[in-house]
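What follows is the structure, given as C-alpha cells:
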C-alpha cells in the first residue's frame with residue numbers, strides 16, 4: 023500500500039467513525055470551501071507547530087489545551103486513551119503568512135471535575151492526533167493536575183546564636199504542593215536576595231547559608247514558600263550574632279604603695295577589645311593584678327630596730343595567748359551547755375547576713391528543719407548563706423587526726439588551701455576545723471559514706487563497680503556501664519591457646535585520695551585492672567573519664583599507680599614523654615596504654631587561678647512526709663559519669679525524681695566559694711524555711727571533693743493541696759566565676775510527671791565483648807595496616823607517618839619500643855573512637871598517605887600504592903569485595919564473631 027492509498031484508507035476510517043462530516047469534505051479530502059483558497063503541502067505527514075503543554079487547574083477554573091499542525095485535514099484530542107467528542111473541540115484554519123501554508127488549530131477545555139473523576143494509574147493526560155493525505159502524527163502527552171499548596175511546613179527554620187564571623191545555616195522544607203513550591207527568605211519581613219550579598223547563599227535544598235556572620239545579620243528570618251496557588255510563611259527564626267569579649271592590653275604597673283620595704287604594685291585591663299555584645303561571653307580571667315615586691319631598701323636606726331622587734335615579739339605573744347585562752351573557754355562553754363540546730367559551711371568560710379537560732383540539746387542536733395519554729399530571742403549567731411557539707415555525718419565533730427601539709431605548689435599558698443612550710447598540728451577535740459588545706463578535705467570529706475546530707479543520712483549504698491570477662495588471643499573489651507571507664511584488650515595481647523579472666527574494678531572505698539600529696543586532687547575514679555599475674559604481649563588500652571579543663575599552663579596532671587603499701591607513686595606526667603606508658607588526654611576522657619596491671623588514678627595540681635574543673639549539677643525532688651511538704655535537693659559533683667553514679671544510687675533509694683537534665687559548671691581555682699540559691703518561688707502558693715534560700719559550699723569543699731557528691735536541700739511547703747505545680751529556678755554560681763541555672767517545673771503529685779532519665783545512653787548494660795565484634799577495624803585490615811607500616815622502607819610509609827596522620831604523634835618513643843608500633847597505634851585509635859562507629863578518619867588518613875606516596879614516586883606518579891589500595895578497598899567501607907581487589911585476595915575478616 024503506497025502512501026496516498028494509506029492516507030485515503032485512514033481518512034475513510036475517520037469518516038466511518040464519525041470524526042468527519044462527509045458534507046464538509048471535498049473529493050480531494052479537504053474541507054469544503056477552502057480547498058481552492060488555502061494551499062497545503064501535499065505528500066507530507068502533519069507537522070505540529072504547537073503541542074499541548076502541561077497545565078495545572080487552580081481552584082475550579084478549567085484549563086485550555088491547544089494544538090496547531092500543518093498540513094492537517096483534521097486534528098482531534100485523545101485523553102487517557104479515549105477520543106474526545108468532536109462537539110468538545112474548537113477549531114479554526116488560517117494561512118501562515120511566512121509559508122503560505124494552511125494551518126489548523128484545535129482547542130479543548132479540561133475541567134476540575136474531569137480530573138477528579140479520573141482514577142487511572144498515572145496523571146490525567148491528553149495528546150493530539152493530526153491527519154493528512156499521507157497519514158497521522160501524534161503530539162506529546164500533556165498532563166493536567168490539580169494545583170495545591172498545603173499549610174504546614176515540613177521543616178521550619180530554627181533560631182540560632184552564632185559568634186561573629188561564624189557560619190549561619192538555616193534549614194527549611196516547604197509544604198507539600200503541586201507544582202512544587204519555590205522558596206525565598208525574608209529578613210525582618212524584607213526579601214533577602216543572595217544576588218546583592220555575596221556572603222549569603224541560597225541552597226538547592228531551600229536552605230540559607232551566611233558564610234561569615236556580621237552583626238547586621240542578626241534579625242528575624244522567615245521562609246516564604248509559594249506556587250501558582252498560594253504563599254505560605256514559616257515560623258520566624260531569630261538569629262543572634264554575638265561578640266565574645268576580649269581583654270585589652272594590661273596597663274603599666276602602678277607605683278609602689280610604700281616608700282620602702284615590701285609593697286604592692288597594681289595593673290589592670292578592661293574587657294573592651296572587643297566588648298561583649300548581644301549576649302556574648304564576658305572575658306575570662308582577672309581584670310586586676312597585684313604583686314608583692316620589695317620596693318626599696320629601708321635603713322632604720324639599728325638600736326631602734328632592735329627595740330621595735332623586741333616589743334613587737336612580746337606583744338604578739340601576749341595577744342596569741344589571750345586569743346587561745348578565750349577560744350578554749352568559749353569552746354568548752356558552748357559544748358558543755360548547748361547543742362546546735364544548724365551546721366553551716368559558712369562557719370568555715372564566712373557569710374553574708376547574721377541571724378540567730380535558739381540552741382537546744384533536744385532532738386537531732388544536725389537537722390535544720392525542726393518541728394518547732396526558731397526562737398529568735400536567745401541564740402548563737404551564724405552567718406548566711408547556709409550550706410551543709412555533711413549535715414548527717416557526726417564525724418565532722420570528731421577529733422581531727424594529725425594534719426600534715428606538704429607544699430607542692432607556691433600558687434596553692436595563695437589559694438588558702440596550703441601552708442608555706444610542712445608542719446604537724448593536733449586539732450582541738452570537737453571543734454570546727456580551721457585549716458582548709460587539701461589534706462583537710464581528704465581527711466574529712468573522704469570519711470563520708472555517701473553524699474553530703476542536709477536532712478539526715480541518705481541511703482546511698484553503692485554496689486561494687488566491678489566487671490570481668492574471659493579473654494583469649496582474639497582480645498575484646500571490658501566496660502563498666504555508665505562510668506566512662508573501659509578496657510580494650512587488643513588482638514594478640516594474650517598468647518594463643520591461653521585465656522585469662524580479666525577484671526576491672528572502680529574503687530568505691532573511702533581512702534582513694536587520702537594518701538595524695540599536697541594539693542593534688544582526683545580528676546577521675548581510681549581504677550584497678552587485673553589479675554595481678556597477667557602476662558601480656560602488648561599493652562592494653564584503658565579509658566577513664568576526667569573532669570579537668572585540660573590546659574598545660576594551668577594544670578600539672580599526672581598518672582599515678584598505687585604501691586603495695588597503699589601509697590601513690592608517679593608513673594608519668596601527661597605533658598612529658600615516657601616509655602613506661604602512654605597517656606592521651608581528650609576533653610573529657612583520658613586514654614592510657616598500660617603494660618602492668620594495678621590500681622591507677624589521674625590526679626591534678628592547679629598551677630594558676632585559671633585552672634578549671636568541671637562540675638555536674640543536678641536537682642532532684644520528692645514529696646516528703648506530709649502531703650504539703652516537698653524537698654528539692656541540689657547536687658554538685660565532679661563531672662564524670664562515675665561520680666554521678668553516687669547521686670543516682672542515693673536518689674534511687676530515696677525515690678527522688680530528676681527534675682532537669684544535669685548541667686555543667688566550670689569551677690575555677692580562684693579560692694571563692696560556691697553558692698546555691700532558689701529563686702522565683704511562687705510566694706502565694708509555696709513557703710520556704712527561713713534563711714535557707716541561699717546556701718554555700720566553701721572553696722576547699724568543692725575543689726577537694728575528689729569524686730564525692732556535695733549536696734544541699736531546700737524544704738518547701740505549699741499552702742494548699744490545690745497547688746499541684748511547682749516552678750522555680752535554682753542558681754548555682756561561683757563567686758567571681760560562672761553561673762548555671764537549673765529550671766524546675768514539675769507536678770507535685772507523685773506519678774504525674776515523667777522522670778528525666780539518669781543516663782541518656784541507649785545501651786548502658788553491655789559489660790564484656792570478645793572477638794571481632796569488640797573492634798571497629800576488621801582483623802584482616804588491621805593485619806595489613808601493621809604489615810604495611812611497621813617496617814620503614816624507601817616509600818616512607820612507616821608507623822611514624824601513620825601516627826602523624828591519626829594525630830597521635832607525641833611521645834613516639836613509647837611506640838618505638840613496641841613489637842608492632844602500628845598495632846599499638848591502632849589500639850589507641852580504637853579506644854579513642856569507641857563511642858562512634860565511624861571509620862572515616864582512619865580511611866582518610868590512609869588515603870592521604872597513599873596520595874603523598876603517589877606524588878613522591880618518581881617512576882609513575884599515577885600508579886596507586888597496591889597495599890593502601892587494598893586496605894582502603896577492603897573493610898574500612900565494608901567487607902564486600904570490591905572490583906579493584908586482585909584475584910585471589912580476600913577482604914573478609916579472619917574471624918566473624
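In the working numbering, the protein residues as written are 23 to 919.
Beta carbons are placed, not taken as given, at the ideal position from N, Cα and C, and that holds for glycine.
Under a three-way DSSP split, which group does residue i fall into?
i, result
"residue 735", "strand"
"residue 152", "strand"
"residue 420", "The pLDDT assigned to residue 420 is 32, lower than 50, so where the model puts this residue is not dependable; a value taken from the coordinates is nonetheless given after this. Here residue 420 sits in coil by DSSP."
"residue 285", "strand"
"residue 808", "helix"
"residue 618", "coil"
"residue 299", "strand"
"residue 91", "strand"
"residue 741", "coil"
"residue 339", "helix"
"residue 908", "For residue 908, the pLDDT reaches just 40, beneath the cut-off of 50, and the residue's location in the model is therefore unreliable, leaving the point undetermined."
"residue 628", "strand"
"residue 712", "coil"
Could you spell out where the beta strand (DSSP E) holding residue i opens and where it closes?
i, result
"residue 827", "No beta strand (DSSP E) holds residue 827; the alpha helix (DSSP H) holding it covers 821-827."
"residue 523", "522-528"
"residue 96", "96-101"
"residue 241", "241-248"
"residue 313", "310-318"
"residue 265", "No beta strand (DSSP E) holds residue 265; DSSP gives it neither H nor E."
"residue 114", "112-117"
"residue 125", "124-132"
"residue 69", "69-72"
"residue 493", "487-493"
"residue 831", "Unbroken run through residue 831: none, as it is neither H nor E."
"residue 658", "651-660"
"residue 272", "Looking at the DSSP string, residue 272 is not in any beta strand (DSSP E), and its letter there is neither H nor E."
Can you list, in chain order, the residues of its chain with a C-beta nearer than 8 Å to that of residue i? Leave out the 5 residues immediately preceding and following it.
i, result
"residue 249", "169, 171, 199, 200, 201, 202, 203, 204"
"residue 824", "807, 811, 844, 847, 867, 871"
Should residue i go down as buried or exposed, given a rule of 16 or more other Cβ atoms within 10 Å for buried?
i, result
"residue 832", "exposed"
"residue 706", "exposed"
"residue 678", "buried"
"residue 972", "Absent from the structure is residue 972, since the part of the chain shown begins at 23 and ends at 919."
"residue 284", "exposed"
"residue 280", "exposed"
"residue 648", "exposed"
"residue 784", "Per-residue confidence for residue 784 stands at a pLDDT of 39, beneath the threshold of 50, marking its modelled position as unreliable; the derived number appears in the next sentence. That one is exposed."
"residue 668", "buried"
"residue 109", "exposed"
"residue 339", "exposed"
"residue 761", "exposed"
"residue 568", "buried"
By the DSSP assignment, the alpha helix (DSSP H) with residue i in it spans what residues?
i, result
"residue 835", "834-838"
"residue 668", "663-676"
"residue 844", "843-854"
"residue 724", "721-725"
In its own chain, which residues sit with a C-beta less than 7 Å from the C-beta of residue i, not counting the 5 before and 5 after it?
i, result
"residue 302", "264, 265, 266, 267"
"residue 116", "125"
"residue 67", "154, 156, 157, 159"
"residue 260", "181, 242"
Report whether the distance from the Cβ of residue i to the nearest heavy atom of the ligand FAD is below 6 Å.
i, result
"residue 790", "In the structure shown, the ligand FAD is absent, as is every other ligand, since no ligand is present at all."
Suppose the cutoff is 6 Å on Cβ atoms and the five residues either side in sequence are ignored; what does the same chain contact list for residue i look like?
i, result
"residue 112", "129"
"residue 673", "642"
"residue 614", "564, 605"
"residue 178", "256, 257"
"residue 498", "511, 791, 792, 796"
"residue 994", "This structure cannot speak to residue 994, because the chain is shown only from 23 to 919."
Checklist entry - Should the segment 181-193 be regarded as contacting the segment 228-238, the criterion being three or more beta carbon pairs within less than 8 Å? => result yes
Next on the checklist: Using a Cβ distance threshold of 8 Å, determine whether the segment 540-555 contacts the segment 508-527, with at least three qualifying pairs required.
Outcome noted: yes
Next on the checklist: Quick test of the definition: if touching needs 3 or more C-beta pairs under 8 Å, does the segment 97-116 touch the segment 147-165?
Outcome noted: yes
Next on the checklist: For the structure I just gave you, are there three or more beta carbon pairs, one from the segment 649-663 and one from the segment 730-738, closer than 8 Å?
Outcome noted: yes
Checklist entry - Is the number of C-beta pairs between the segment 622-637 and the segment 506-525 that are closer than 8 Å three or more? => result no
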